[in-house]
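Q:
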């Protein structure tokens, strides 16, 4: 029996260019909880085509005329601070997912996510 309660896995698709997508070939693979051997979820298995789409979308984000590059620095900072705020808001859910995924203690996962939010704040 898992020491963590069952939690809803909200997203199993590939996130590309701010949208969730099914994998190009429609294949999935199981994510296994290393401490129990149980399947946590079946997630989309990216193909080379999927990776190429993701890399191209990321590259376009840095084009001179892209929304990110043309955004005022203060507005970019506000988006990053919002990201840190969302990490903190959802820290319990995210830390449970991280713990199920890699088997480390929830306390450690919470610390990692909290430190990530702190690093974002520090850089802004």
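In this note's numbering, the protein residues as written are 13 to 136.
Beta carbons: idealized from backbone N, C-alpha and C, even for Gly.
#1: Measure the Cβ-Cβ separation of residue 98 and residue 19 and say whether it is below 9 Å.
#2: Here's the rule: buried if 16 or more other CB atoms are within 10 angstroms of the residue's CB, otherwise exposed. What is residue 61?
#3: Can you list, in chain order, the residues of its chain whose CB lies under 6 Å from that of residue 100, leaving out five sequence neighbours each side?
#4: If you draw a straight line from the alpha carbon of residue 70 to that of residue 33, how long is it in whole angstroms?
#5: Look up residue 19 in the DSSP assignment and say whether it is helix, strand or coil.
#6: Taking the alpha-carbon positions, what's the residue 132 to residue 91 distance?
A: On the basis of the supplied data:
#1: On the chain shown, position 86 is the one that residue 98 refers to. On the chain shown, position 7 is the one that residue 19 refers to. By the CB criterion at 9 Å, residue 98 and residue 19 fall outside the cutoff.
#2: Here residue 61 corresponds to residue number 49 of the chain shown, with the count starting at 1. So residue 61 ends up on the exposed side.
#3: Looking up residue 100 in the chain shown gives position 88. Cβ neighbours of residue 100 beyond the five flanking positions: 129.
#4: Here residue 70 refers to the residue found at position 58 of the chain shown. Here residue 33 refers to the residue found at position 21 of the chain shown. Answer to the nearest angstrom: the Cα atoms are 15 Å apart.
#5: Counted from its first residue, the chain shown places residue 19 at position 7. Looking at residue 19 - three-state DSSP - the assignment turns out to be coil, as it is neither helix nor strand.
#6: Here residue 132 refers to the residue found at position 120 when the chain shown is read from its first residue. Here residue 91 refers to the residue found at position 79 when the chain shown is read from its first residue. Those two C-alpha atoms are separated by around 10 Å.
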